[in-house]
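Structure, as structure tokens:
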Amino acid sequence: MEKELIQKFYKYNLEKKQSEKVESHLLFSTLTKDRHCFSFVGAGGKSSLIEVMAAWGTKQRKKVLVTTTTHIFRPKPEKLARTPEDLERIWGAGDWAVIGEVEVKQPQKLKMPDPDWMRQAMALADLVLIEADGSKRLPCKVPATYEPVILPETEVVIAVLGLSALEQPLKECCFRLEEAEKLLEADEDHLLSCEDMAKILASEEGLRKDVGGRKYVAVLNQCDDDTRREGGERIGEMLRGWSVENVVLTKLRNCRAGEQL
């Protein structure tokens with residue numbers, strides 16, 4: 101029996117300077133209106149958010165495609181599509197489909213599929229959700245020079261950070277430590293602050309890298325208690341000063357290491 105995904109969503113209200121609970125279906129309906137392709141970057145909840153959004157899209161009778169330009173965990177066999185016929189079978193059964201090539205050295209993972217097959221599958225789907233960044237299961241991430249891998253077809257970039265990283269040493273919570281030290285002008289023992297997380301989300305050397313003119317949404321996940329929610333609200337207010345107006349706080353639990361999509 102599959103475990104239910106625990107989920108709570110809060111939209112940060114710029115005028116009231118506080119977060120307000122919002123139903124996920126309303127949030128996703130607004131976000132996906134007239135939009136087809138979403139790329140997810142950052143750390144601390146990308147896979148869980150993709151799962152929630154894929155489940156929502158499937159309930160809306162959308163043909164949902166999940167894929168990657170980096171790596172994702174291999175899904176259950178019945179979700180993995182290798183042909184257009186597989187896609188239609190999976191969608192017809194009321195599920196979302198996953199495409200990718202099996203990673204030879206890590207068979208529990210998928211890597212980016214063949215580009216021609218990827219484009220073909222994306223054209224058949226109503227909603228495309230792409231994991232475009234890696235994080236080694238840490239709650240914080242600053243991209244390397246070759247990251248993220250955002251396809252030209254992407255219309256919305258969703259950047260995720262985990263609030264469990266707050267007040268933790270960089271060396272313990274942040275993937276790509278050297279890049280984080282450079283961006284934040286700090287050493288490995290520096291405790292990550294709200295200001296730091298806001299800078300990572302807002303900077304074009306951080307998670308806003310290669311976004312360009314696309315819609316950009318900052319998601320602060322792991323909002324598990326009042327202290328973290330208050331921290332997320334402080335970050336939301338700081339992001340306003342960097343013209344990041346779409347800020348969402350979430351509590352998502354289910355995707356653990358090795359757990360299947």
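The opening residue of the sequence shown carries number 101 in my numbering; numbering runs sequentially from there. Here a beta-carbon is modelled for each residue, glycine too, at the ideal position from N, C-alpha and C.
Residue j beta carbon less than 8 angstroms from that of residue i
i: S119; j: G331; result: no
i: L270; j: E285; result: no
i: T43; j: R314; result: Residue 43 lies beyond the residue range present for the chain, which begins at 101 and ends at 361; the question has no answer from this structure.
i: A143; j: K241; result: yes
i: K163; j: W191; result: yes
i: T327; j: F109; result: no
i: S173; j: M153; result: At residue 173 the sequence reads Phe, which differs from the Ser that was named. For F173 and M153, no; Cβs fall outside 8 angstroms.
i: L352; j: Q107; result: yes
i: Q268; j: L301; result: no
i: R334; j: C273; result: no
i: S124; j: V257; result: no
i: I250; j: D310; result: yes
Residue environment, residue i, which counts as buried when at least 16 other CB atoms sit within 10 Å
i: V202; result: exposed
i: P213; result: buried
i: A77; result: With the chain running from 101 to 361 in the structure shown, residue 77 is simply not present.
i: K236; result: exposed
i: E359; result: Any reading at E359 needs caution, since the residue's pLDDT is 44, under 50, leaving its predicted position unreliable; the model's value is listed next. E359 should be labelled exposed.
i: D296; result: buried
i: A244; result: exposed
i: P184; result: exposed
i: G306; result: buried
i: L126; result: exposed
i: S148; result: buried
i: Y316; result: buried
i: V348; result: buried
i: R182; result: exposed
i: P239; result: buried
i: R356; result: Confidence at R356 is low in this model, with a pLDDT of 46, below 50, so its placement is unreliable and the value that follows should be read with caution. Result: exposed.
i: K103; result: At K103 the pLDDT is 42, less than 50, meaning the model places this residue with poor confidence; the figure from the coordinates comes in the next sentence. Exposed, since its Cβ has fewer than 16 Cβ neighbours within 10 Å.
i: M101; result: At M101 the pLDDT is 31, less than 50, meaning the model places this residue with poor confidence; the figure from the coordinates comes in the next sentence. Classification for M101: exposed.
i: E46; result: Past the boundaries of the shown model lies residue 46; the chain is included only from 101 to 361, so the question cannot be answered.
i: L361; result: Annotation note: pLDDT 42 at L361 (below 50); position unreliable, coordinate value reported separately. Burial call: buried.
i: V344; result: buried
i: Q206; result: exposed
i: P177; result: exposed
i: R276; result: buried
i: G312; result: exposed
Boundaries (first-last residue) of the alpha helix (DSSP H) holding residue i
i: V152; result: K146 to K159
i: Q220; result: P215 to L224
i: E188; result: P184 to G192
i: E120; result: Taken as a continuous stretch (DSSP letters only), E120 belongs to no alpha helix (DSSP H), being part of the beta strand (DSSP E) at Q118 to K121.
Residue i, enclosing beta strand (DSSP E) - first and last residue
i: L227; result: L227 to E231
i: C294; result: Unbroken run through C294 is the alpha helix (DSSP H), C294 to A302; no beta strand (DSSP E).
i: G142; result: C137 to G142
i: L210; result: K209 to K211
i: H171; result: H171 to F173
Residue(s) in a DSSP beta bridge with residue i
i: N321; result: G262
i: A197; result: L165
i: C273; result: None, per the DSSP bridge assignment.
i: A242; result: The displayed chain sequence assigns Val, not Ala, to residue 242. None; V242 has no bridge partner.
i: N113; result: Q118
Check: residue i C-beta below 7 angstroms from any heavy atom of the ligand ATP
i: S124; result: As presented, the structure is devoid of all ligands, the ligand ATP included, so that no description of it is given.
CB contact check: residue i to chain B, cutoff 8 angstroms
i: W196; result: Judged by its chain identifiers, the structure shown contains no chain B, having just a single protein chain.
* Is it a yes or a no for the segment 219-230 touching the segment 160-168, going by three-plus beta-carbon pairs under 8 angstroms? -> yes
* Asked: So, do the segment 109-125 and the segment 339-348 have three or more beta carbon pairs nearer to each other than 8 angstroms?
  -> yes
* To do: Could you tell me whether the segment 179-199 touches the segment 215-227, where touching means 3 or more Cβ pairs closer than 8 angstroms?
  => yes
* Can we say the segment 129-149 touches the segment 255-263, given the rule of at least three CB pairs closer than 8 angstroms? -> yes
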